[in-house]
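Protein chains in written order, with the UniProt record's numbering: chain A, 1 to 263; chain B, 1 to 263.
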DNA sequence: TAGTGGTCTAGACCACAAT
DNA sequence: TTGTGGTCTAGACCACTAC
């Protein structure tokens, strides 16, 4: 007994999707018009439109009224996370700026900082009490003027309050690790939790996403620690198909080393 | 001048999506029937069906014929990646098994190993010549019997050929780091590149995804290095909304230490 | 002006669940 | 048997592009 046949709209979707993902239909390529697809497959207009809607919802194509459907550009920015020592580079630029410039795009960002009492959720992540004061900074990052990343950062004022780096964007140093080092707090690790989910309406607005295409985001919860103490936590959001996250992780960097242990 | 109004189907989508993501409509909750939505909003059947199709394509709901539409369970498995020393745990279980058991689910897997000539793409990642022999192992991982992860692993036979760990699943040790250590190859880092994209048809089949819901995957390209030499590379694929990736990264773990550098 | 995609109508018919 | 969602028809009308 054979499997049941897929529905007609699914056959169009599968055909075009595999040709797009394989590269046969390159970004920018114009798809056949709806009428052509209708005639080629022998399906009704509605079914062809439905198939194209699904491909748009997957972010693989974009429709342009009066013109046609086109294979979407899925060029990705690279975001690097690694162990390298960044403490000595006082005044160095931010990780976002470095990644953007590496991709040949002009970085810029907007930010807004405010002291607020910690919500229970943020307090849990920072290991402080709900209501304790934290510095909340909202960021919106742009590459060549296009919004490409959002972040909400929270820092306990028990750590930074009253110091020169209390306001993240006003101090003499940029970047969490460098700023904390500046006030004598040695960050020794961070934890990132990566998930994907549909974009929320505010994110669609802030990232200027097409409501019909590419509505998925990558969400990261990041927390920096100095020993057992959390000194910053942030929620970071990217357009899901516009970013590639790179983690370069050392293995077994700590003593006891193999030589020290083995006779 | 105000913004143009969103289309009718979008209003339904936005309403239900925000209520689902906020938790007001919990996983398992039954949505109003199509007829009820039609009456409540005053739209045609087609427009209500279209809105529900989009929510399904986002993986937020699943339709059950003859029953109703339900908020989808988005419980996530956790996959951990960190720097801990795993070399000494000979015979230890695999990372996948550890993560699954931590989530209270029963791990199992299928694998199949074969010697093949390296494709140009794999050769590039391993820093060897196309055509050089590699061990290709296909994995399918299951939790409580449900397929939950796919992997294609490639190891240069120049490294493992003729040793006891040549066939990954037949040696005395499990896991890349432990196996390489067993033959005297000290892995000191790995790199993971994380992206998201729509699932390809074979992946939908192998992961038993609903073609109508949750068609997104997280794809990881991972490469292990011993010094400058790549000793394994793998393509790993997860259902996008079923996994949470956790990276725990040390900062500045290598000499020269701060003390060594600063007078 | 002609052609294209985006939204929408008013249904029909089928597969399946609940009863 | 009734109610539900899934697939599909045969269009209409609008917004916009390309010419």
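Backbone N, C-alpha and C define an ideal beta-carbon position, used for all residues, glycine too.
The residues 176, 187, 190, 231, 232, in chain order, have a CB closer than 6 Å to that of residue 224/B in the same chain once the five nearest residues on each side in sequence are set aside.
In the pairwise beta carbon analysis, the segment 236–244 of chain B is classified as touching the segment 205–217 of chain B: at least three pairs are separated by under 8 Å. Runs of the alpha helix (DSSP H) lying entirely within the segment 29–61 of chain B, each at least 4 residues long, are 34–41, 45–57 in chain order. Contact annotation: in the segment 171–201 of chain A, residues whose CB is within less than 8 Å of a CB in chain B are 177, 186, 187, 188, 189, 190, 191, 192, 193, 194, 195, 196, 197, 198, 200, 201. Residues of the segment 224–240 of chain A that bring their beta carbon within less than 7 Å of a beta carbon in chain B comprise 240, in sequence order.
Inter-residue distance for residue 172/A and residue 162/A is about 14 Å (C-alpha atoms, whole angstroms). Between residue 43/A and residue 11/B, the alpha-carbon positions lie close to 29 Å from each other. Here residue 120/B is not near residue 208/B, since their CB atoms are 8 Å or more apart.
Distances from the CA of residue 118/A to each of 15/A, 185/A, 158/A were compared; the closest alpha carbon is that of 158/A. Bridge pairing for residue 243/A: 77/A [DSSP]. When the beta-carbon positions are compared, residue 247/A and residue 206/B stay at least 8 Å from each other. When rounded, the separation of the alpha-carbon atoms in residue 185/B and residue 180/A is 37 Å. The segment 96–110 of chain A and the segment 7–22 of chain B do not touch, with fewer than 3 CB-CB distances between them shorter than 8 Å. Relative to the Cα of residue 196/A, the nearest Cα in the group 160/B, 99/B, 203/B, 218/B belongs to 218/B. Against chain A, a Cβ distance below 9 Å from residue 216/B picks out 58, 196, 216, 240. DSSP, read as helix, strand or coil, puts residue 12/A in helix. Nearest CB-CB separation between residue 44/B and chain A: not below the 8 Å threshold. Looking at the backbone, the Cα of residue 53/B and that of residue 72/B are separated by about 14 Å. Within a 10 Å sphere around the beta-carbon of residue 144/B sit fewer than 16 other beta-carbons, which makes this residue exposed. Beta-bridge pairing by DSSP links residue 63/B to 69/B.
Annotated three-state conformation of residue 136/A is strand, per DSSP. DSSP lists no bridge partner for residue 167/B. Within the segment 210–238 of chain A, the runs of beta strand (DSSP E) at least 3 residues long that lie entirely inside it are, in chain order, 216–226. When beta bridges are read from the DSSP output, residue 150/B appears opposite 140/B, 237/B. Close CB contacts of residue 137/B within its chain, under the 6 Å cut and outside five residues either way in sequence, are with 111, 113, 153, 168 (chain order).
When DSSP states are grouped into helix, strand and coil, residue 200/A belongs to the coil group. According to the DSSP assignment, residue 27/A belongs to no alpha helix (DSSP H), since it is labelled neither H nor E. Taking 8 Å as the CB threshold, residue 248/B lines the interface with chain A. For residue 251/B and residue 109/B, the gap between their C-alpha atoms comes out near 34 Å. Distance between residue 27/A and residue 202/B, taken at the CA atoms: about 22 Å.
Neighbours of residue 14/B in chain A, taken as residues at a C-beta separation under 8 Å, are given in chain order as 201. With a beta-carbon spacing of about 16 Å, residue 70/A and residue 35/A fall beyond the 8 Å limit used to define contacts.
Taking the CA atoms as reference points, residue 22/B sits about 10 Å from residue 16/B. Residue 128/B sits in coil when the DSSP states are folded into three classes, being neither helix nor strand.
Residue 133/A is outside the set of residues whose beta carbon lies under 8 Å from a beta carbon in chain B.
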